[in-house]
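Peer 1:
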Ligand code: ADP
Ligand code: TRP
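Residue numbers (the numbering used here): 4 to 330.
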């Protein structure tokens, strides 16, 4: 199975991103072809400061590697290190009907707000289609919000194939990540950057403790029986704990005599046990940035070799007869 997904380098990961996305991407590594890239070209539609982008790209690579992406099981690369993808974007653009892009949500939402959208945002889904089709990807793990883009990709591949030859592009399938585990934030609402209620994956123990202490609970007294099913602290704890540990804490909630402070300490301990090693690994990797660069370059080389094979097929299918000039 050929798996591919892209992650935009915008913002440091929080617990919602980890449990709702990153953990599930990483679980799919080790397939026949597992490609994961940092979508730096897509990020250019929102990040306009070169230093910020550079740093975010580096951060994303470190985050993924620290959280368990293994370079011998998965190919990690920067999107912009495979320039064939922008060529494929153009070729796809020539067969993309405007109405297909006009209904895509990022552009539509911006326009509905009366904001001026640029061509980059409008054609964002075509670049994403090129990302996917460039490597003959079969399975694309994405969150619900990206399913529309995979559908556009299928439409474009179908149209291209009907124009230029049935077997030219491989039709991908979205693998929708299980987001039924909607991770709650500090206020009990969905954890999200936009709500300012996040808990970062990479945090020092002292700060993490402080943040966890801010999780909102009801005002039941220590001796009162409590309901684990309506408590954000317990909801978060269950992400880290096994069935047995969940049961033990749930029983304590229901029995009374346990304050929320104790539940928060249990959550803190579980989070430290789970993310502590990744935190250490990230610091180690930061000090070995040459090695991280080597990983990205080796990844780009592998990805590019597949991209060359596909772009040759596509060029020849649509009648481009030349070859890129050798330098
Ligand atoms: P944010 O809402 O903080 O801006 P993003 O939209 O960048 O987060 O999220 C990237 C991915 O992380 C989403 O596609 C989704 O799968 C996952 N995700 C984000 N927040 C949560 C959450 N609270 N619960 C579950 N999954 C989440
Ligand atoms: N648009 C995706 C997001 O914002 C990132 C992305 C870019 C992607 N290219 C992709 C995801 C190709 C899957 C496949 O999350």
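Heads up, the beta-carbon is just placed ideally off N, CA and C, and yes, glycines get one too.
From a predicted model like this one, the values you see are computed outputs, not experimental measurements.
On the three-state DSSP scale, how would you describe residue 88?
Peer 2: Residue 88 sits in a helix when the DSSP states are folded into three classes.
Peer 1: Run the proximity test for residue 143: is its beta-carbon closer than 7 Å to any non-hydrogen atom belonging to ligand 2?
Peer 2: yes
Peer 1: Considering residue 26, what are the terminal residues of the alpha helix (DSSP H) in which it resides?
Peer 2: 26-30
Peer 1: Residue 149: beta carbon under 7 Å from a heavy atom of ligand 4?
Peer 2: This structure lacks ligand 4; the ligands present are ligand 1 and ligand 2.
Peer 1: Would residue 127 and residue 48 be called neighbours here (beta carbons separated by less than 8 Å)?
Peer 2: Going by C-beta atoms, residue 127 is nearer than 8 Å to residue 48.
Peer 1: Which residues in the same chain as residue 252 place their Cβ atom closer than 8 Å to its Cβ, once the five residues preceding and following it in sequence are excluded?
Peer 2: 231, 237, 240, 244, 266 and 269
Peer 1: What is the residue span of the beta strand (DSSP E) that residue 113 lies within?
Peer 2: Element bounds for residue 113: not the beta strand (DSSP E) but the alpha helix (DSSP H), 108-115.
Peer 1: For residue 140, tell me which candidate among 62, 40 and 147 has the shortest Cα-Cα distance.
Peer 2: That would be 40, whose Cα lies nearest to the Cα of residue 140.
Peer 1: Tell me which residue opens and which closes the alpha helix (DSSP H) that residue 56 is part of.
Peer 2: Taken as a continuous stretch (DSSP letters only), the alpha helix (DSSP H) holding residue 56 covers 53-69.
Peer 1: Does the beta carbon of residue 17 fall short of 7 Å from some heavy atom of ligand 1?
Peer 2: yes
Peer 1: Hey, quick one: how far does the beta strand (DSSP E) through residue 308 stretch, first residue to last?
Peer 2: Here residue 308 belongs to no beta strand (DSSP E); instead the alpha helix (DSSP H) covers 292-320.
Peer 1: Is residue 131 near ligand 1 - that is, is its Cβ less than 7 Å away from at least one heavy atom of it?
Peer 2: Taking 7 Å as the cut-off, the C-beta of residue 131 does not count as close to any heavy atom of ligand 1.
Peer 1: Nearest-angstrom Cα distance between residue 164 and residue 148?
Peer 2: 26 Å
Peer 1: Does DSSP classify residue 9 as helix, strand or coil?
Peer 2: Residue 9: strand per DSSP, three-state reduction.
Peer 1: Alpha carbons only, please: which of 205, 228 and 201 is nearest the one belonging to residue 219?
Peer 2: 201
Peer 1: Below 7 Å CB to CB, which residues in the same chain sit around residue 73 once its five sequence neighbours on both sides are set aside?
Peer 2: 32
Peer 1: Between the segment 198-215 and the segment 248-264, do three or more beta carbon pairs fall short of 8 Å?
Peer 2: no
Peer 1: State the DSSP-derived secondary structure class of residue 223, mapped to helix, strand or coil.
Peer 2: coil
Peer 1: If you follow the beta strand (DSSP E) that residue 237 is part of, which residue opens it and which one closes it?
Peer 2: Per DSSP, residue 237 belongs to no beta strand (DSSP E); it is in the alpha helix (DSSP H), 235-243.
Peer 1: Since I believe residue 91 is in contact with residue 136 (beta carbons under 8 Å), could you give me their beta-carbon distance rounded to a whole number of angstroms?
Peer 2: 7 Å
Peer 1: Hey, quick one: how far does the beta strand (DSSP E) through residue 41 stretch, first residue to last?
Peer 2: In this chain, the beta strand (DSSP E) harbouring residue 41 covers 36-41.
Peer 1: Closer than 7 Å by C-beta to residue 103: which residues in its own chain qualify, once you throw out the five before and the five after it? Chain order, please.
Peer 2: 155 and 158
Peer 1: Out of 124, 272, 133 and 138, which one is the CA nearest neighbour of residue 6?
Peer 2: 138
Peer 1: Closer than 6 Å by C-beta to residue 123: which residues in its own chain qualify, once you throw out the five before and the five after it? Chain order, please.
Peer 2: 48
Peer 1: I'd like to check one pair, residue 204 with residue 21: are the Cβ atoms closer than 8 Å?
Peer 2: yes
Peer 1: Quick one: what's got a C-beta closer than 8 Å to residue 276's C-beta in the same chain, skipping five residues either side?
Peer 2: Here the set comprises 243.
Peer 1: Taking 8 Å as the cut-off, decide whether the C-beta atoms of residue 95 and residue 132 are in contact.
Peer 2: yes
Peer 1: Per the contact definition of three or more C-beta pairs closer than 8 Å, is the segment 305-325 in contact with the segment 55-67?
Peer 2: no
Peer 1: What did DSSP end up calling residue 16 once you bin it into helix, strand or coil?
Peer 2: coil
Peer 1: With residue 122 as the anchor, note down where its alpha helix (DSSP H) starts and where it stops.
Peer 2: 122-125
Peer 1: Grouping DSSP H, G and I as helix and E and B as strand, with all else coil, what is residue 247?
Peer 2: helix
Peer 1: Looking only at its chain, what residues have a beta carbon closer than 8 Å to the beta carbon of residue 130, apart from the 5 residues adjacent to it on each side?
Peer 2: Setting aside the 5 residues that flank it on each side, residue 130 is surrounded in the same chain by 44, 45, 88, 89 and 92, each with a C-beta closer than 8 Å to its C-beta; the list follows chain order.
Peer 1: With the cut-off set at 8 Å, would you say residue 320 and residue 171 are in Cβ contact?
Peer 2: yes
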